[in-house]
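K.L.:
Going by UniProt numbering, the first residue of the sequence shown is number 1, and it counts up by one from there.
Even for Gly, the Cβ is constructed at its ideal location relative to N, Cα and C.
Pasting a structure below so you can have a look.
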Amino acid sequence: MEMRPIHNVLVAGGTGNIGPSIIQALVAANYTVSVLTRRVFISESLFGRTVRVIQTDYSLESLAPAVSGQDAVVSTLGLGAEKSQTNLLIAAAKSWSSNTRGVQRFIPSEFGIPNLDLRENPELARVLQPRIQFRHKMKDIVTKNPQLTYSGVFTRLWFDWCIKVGLLGFHLDTKSATIIDSGNETFKACDLATAGEAVAAILRKPTETANQYITISSHETTQNKILEELERYTGSDWTVMHRSGRELYAQAWESIQSGHNGWPAMLQAYFFMDRDVEKVPMDNQGSLDGNKLLGIGFCDLHTTITKLYT
Ligand SMILES: NC(=O)c1ccc[n+]([C@@H]2O[C@H](COP(=O)([O-])OP(=O)(O)OC[C@H]3O[C@@H](n4cnc5c(N)ncnc54)[C@H](OP(=O)(O)O)[C@@H]3O)[C@@H](O)[C@H]2O)c1
């Protein structure tokens with residue numbers, strides 16, 4: 001399907017963790033960017049003067065004028081915002097009823113684990129159920145409204161954000177690390193800036209990326225390589241604790257089932273455990289290789305660590 005070029009982009013939830021990186025990349029790539037927020041007041045300096053801020057309560061009535069004139073809508077809404085995201089999708093589809101140029105691309109709030117085939121990890125599939133259900137709804141709406149298309153973006157863990165919040169297992173303040181199994185399992189992750197760059201690049205290739213999921217990475221490394229780099233950076237040996245990936249995964253799932261927050265531990269086990277211990281599908285699960293398709297290269301670990309901590 002040949003598509004018209006995308007100029008006007010509406011970003012929902014731009015005040016969150018990944019939103020600002022996506023907005024920054026879109027502005028740098030010369031899109032005309034608007035941001036949707038529930039907040040009544042946002043400082044003009046937050047996104048810069050070129051970005052228009054649109055206030056909404058995510059009702060269909062308030063979303064209709066917000067999506068009018070937009071070529072693409074990017075949702076970066078946080079967990080728990082499924083109802084708002086559904087209304088946003090419906091408003092994008094309805095934008096064609098009163099216009100000859102409605103919204104032609106919807107990017108849902110994924111930006112995490114490739115989840116097109118989680119048969120090997122039914123526990124993860126259970127946790128990600130709202131997201132998977134949204135995908136079914138989105139595909140159904142797009143089938144009924146073929147002028148609207150979608151692109152989903154998988155980033156796996158956000159490398160720079162996760163290292164700072166301790167999700168990669170490293171704590172700079174105490175110079176301590178939790179290494180899963182051998183620590184030699186290779187995993188891919190994506191910096192926030194690279195995720196933003198990918199969104200901008202996807203919208204520049206609307207035809208190739210129509211109705212596709214795309215996986216993007218900025219790093220391919222192991223926990224041991226990160227530890228080595230951090231020890232070099234801090235000039236000292238770190239305290240290392242080892243955990244069994246299989247045990248951690250089981251404990252995390254138990255914790256989730258009893259209503260506690262086992263999600264960070266489940267992610268660590270899923271990404272870092274030795275694959276000969278537990279079969280984990282680490283491939284792109286049928287999504288496109290975004291680095292190849294969009295011409296986005298990998299970052300150097302040494303440079304990233306130095307940039308993060310100086
Ligand atoms: N791969 C990773 O490592 C990783 C890490 C974290 C998150 N993620 C994923 O990335 C996506 C974005 O996450 P994030 O952490 O950037 O999001 P976030 O910071 O939690 O939320 C983003 C924005 O969404 C809006 N929002 C929140 N709840 C809402 C609701 N109920 N209704 C309407 N708007 C709501 C808020 O904007 P306003 O207040 O301005 O309206 C908020 O600033 C999610 O899909 C999340 O699962 C991935």
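Name, in chain order, the residues that DSSP records as bridge partners for Q55.
P.N.:
As a position in the sequence shown, residue 55 is number 55, starting the count at 1. According to DSSP, Q55 bridges with T37.
K.L.:
Leaving aside the five residues before and after H219 along the sequence, list all residues of the same chain whose C-beta is less than 8 Å from its C-beta, in chain order.
P.N.:
Against the sequence shown, residue 219 aligns to sequence position 219. Contacts found: F159, K188, A189, C190, D191, F298, C299, L301 and T304.
K.L.:
Do the stretch 87 to 103 and the stretch 138 to 158 make contact, defined as three or more Cβ pairs closer than 8 Å?
P.N.:
They touch, by the three-pair rule.
K.L.:
At a threshold of 6 Å, does W158 count as lining ligand 1 (C-beta to nearest heavy atom)?
P.N.:
Counting from 1 along the sequence shown, the entry for residue 158 is found at position 158. Yes, since a heavy atom of ligand 1 falls inside the 6 Å radius drawn around the Cβ of W158.
K.L.:
Just verifying my parser: in three-state terms, what is the DSSP assignment at P281?
P.N.:
Working through the sequence shown from its first residue, we reach residue 281 at position 281. Annotation note: pLDDT 49 at P281 (below 50); position unreliable, coordinate value reported separately. Coil, per DSSP.
K.L.:
Suppose the cutoff is 8 Å on Cβ atoms and the five residues either side in sequence are ignored; what does the same chain contact list for L172 look like?
P.N.:
As a working mapping, residue 172 is identified with position 172 in the sequence shown. Cβ neighbours of L172 beyond the five flanking positions: L230, T234 and Y309.
K.L.:
For G69, I'd like the list of residues in its chain whose CB is within less than 7 Å of its CB, leaving aside the five on either flank, ordered along the chain.
P.N.:
Locating residue 69 in the sequence shown gives position 69, counting from the first residue. Counting only Cβ-Cβ distances below 7 Å, and skipping sequence neighbours, we find N8.
K.L.:
Can you have a look at S236 and say buried or exposed, based on whether 16 or more other CB atoms are within 10 angstroms of its CB?
P.N.:
Position 236 of the sequence shown holds residue 236. It is exposed - the Cβ of S236 has fewer than 16 other Cβ atoms within 10 Å.
K.L.:
Could you tell me the distance, in whole angstroms, from the CA atom of R38 to the CA atom of P108?
P.N.:
Taking the first residue of the sequence shown as position 1, residue 38 is located at position 38. Taking the first residue of the sequence shown as position 1, residue 108 is located at position 108. Each residue's Cα considered, the two are about 18 Å apart.
K.L.:
Do S151 and Q85 have their CB atoms nearer than 7 Å?
P.N.:
Numbered from 1 along the sequence shown, position 151 holds the residue referred to as residue 151. Numbered from 1 along the sequence shown, position 85 holds the residue referred to as residue 85. For S151 and Q85, no; Cβs fall outside 7 Å.
K.L.:
For a test of your reading of the model: does the CB of L77 fall under 6 Å from any non-hydrogen atom of ligand 1? Yes or no.
P.N.:
The sequence position of residue 77 within the sequence shown is 77, counting from 1. For ligand 1, at least one heavy atom lies less than 6 Å from the Cβ of L77.
K.L.:
Could you check whether V74 and V165 sit closer than 7 Å to each other, using their CB atoms as the reference points?
P.N.:
By one-based count along the sequence shown, residue 165 stands at place 165. By one-based count along the sequence shown, residue 74 stands at place 74. Against a cut-off of 7 Å, the Cβ pair of V74 and V165 comes out as no contact.
K.L.:
With a cut-off of 8 Å on the beta carbons, I'd call G245 and I180 a contact; round off their distance for me.
P.N.:
What you label residue 245 is simply residue 245 of the sequence shown in a count that begins at 1. What you label residue 180 is simply residue 180 of the sequence shown in a count that begins at 1. Confirmed, Cβ separation roughly 5 Å.
K.L.:
Whole angstroms is fine: what's the gap from T221's alpha carbon to T186's?
P.N.:
Within the sequence shown, residue 221 is the residue found at index 221, counting from 1. Within the sequence shown, residue 186 is the residue found at index 186, counting from 1. Looking at the two C-alpha atoms, the distance is approximately 5 Å.
K.L.:
Check this for me: beta carbons of F154 and P114, under 7 Å apart or not?
P.N.:
The sequence position of residue 154 within the sequence shown is 154, counting from 1. The sequence position of residue 114 within the sequence shown is 114, counting from 1. The answer is yes: Cβ separation under 7 Å.
K.L.:
Where does H7 fall in DSSP's three states?
P.N.:
For the purposes of this step, residue 7 is identified with residue 7 of the sequence shown, where counting begins at 1. DSSP places H7 in coil when its eight states are reduced to three.
K.L.:
Would you call R105 buried or exposed, if buried means 16 or more other Cβ atoms sit within 10 Å of its Cβ?
P.N.:
Along the sequence shown, read from residue 1 onward, the residue named residue 105 stands at position 105. Looking at its Cβ environment, which holds 16 or more other Cβ atoms inside 10 Å, R105 is buried.
K.L.:
Could you give the residue range of the beta strand (DSSP E) that holds S176?
P.N.:
Residue mapping note: residue 176 aligns to position 176 of the sequence shown, counting from 1. Per DSSP, S176 belongs to the beta strand (DSSP E) from S176 to I180.
K.L.:
Can you say whether G19 is buried or exposed, counting buried as having 16 or more other CB atoms within 10 angstroms of its CB?
P.N.:
Mapped onto the sequence shown, residue 19 falls at position 19. Under this definition G19 is a buried residue.
K.L.:
Could you compute how far the alpha carbon of Q129 sits from the alpha carbon of G80?
P.N.:
Numbered from 1 along the sequence shown, position 129 holds the residue referred to as residue 129. Numbered from 1 along the sequence shown, position 80 holds the residue referred to as residue 80. Rounded to the nearest angstrom, the two C-alpha atoms are 12 Å apart.
K.L.:
Please state if the CB of E123 and the CB of W253 are separated by a distance shorter than 7 Å.
P.N.:
As a first step, residue 253 must be located in the sequence shown, where it is residue number 253. As a first step, residue 123 must be located in the sequence shown, where it is residue number 123. Yes.
K.L.:
Under the three-state reduction of DSSP, which class applies to Q212: helix, strand or coil?
P.N.:
Here residue 212 refers to the residue found at position 212 of the sequence shown. Three-state result, Q212: strand.
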